[in-house]
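*Asks:*
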Amino acid sequence: MAHYTDISRTAGTGLISVVRNMVEGIRLSFARQRAFTTTYNQLDALSDHELADIGLSRGDILDIARETAARI
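UniProt numbering applies: residue 1 is where the sequence shown begins, and numbers increase by one.
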């Protein structure tokens, strides 16, 4: 008995899914980078005294920016 499979429909859908996932991954990367940069720059602009007032030091800035970006 012969079997028939419509590969045109599944191949197109697969390609669309791959492209959609790739675009979503790129969008997510840009959003994370933007969050990292914004957080880092805003905290870095504070004086040491202002950072101490909120319980941070200069050494904490990089970790906080990374954590913020990872939450996206």
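Beta carbons are placed, not taken as given, at the ideal position from N, Cα and C, and that holds for glycine.
Bear in mind that the values here come from a model prediction, so they are computed numbers and not experimental data.
#1: Which of the three DSSP states is assigned to G55 in this structure?
#2: Just mark L28 as buried or exposed, buried being the case when its beta carbon has 16 or more other beta carbons within 10 Å.
#3: Could you give the DSSP three-state label for L28: helix, strand or coil?
#4: Taking the Cβ atom as the reference point for each residue, do I72 and L43 lie within a distance shorter than 8 Å?
#5: Select from T38, G55, L56 and L46 the residue whose C-alpha is nearest the C-alpha of A65.
#6: If you draw a straight line from the C-alpha of G59 to the C-alpha of T13, how long is it?
#7: Run the CB neighbour count on A69, radius 10 Å, all protein chains shown included, and call it buried at 16 or more, exposed below.
*Replies:* Short version:
#1: coil
#2: exposed
#3: helix
#4: no
#5: T38
#6: 48 Å
#7: buried
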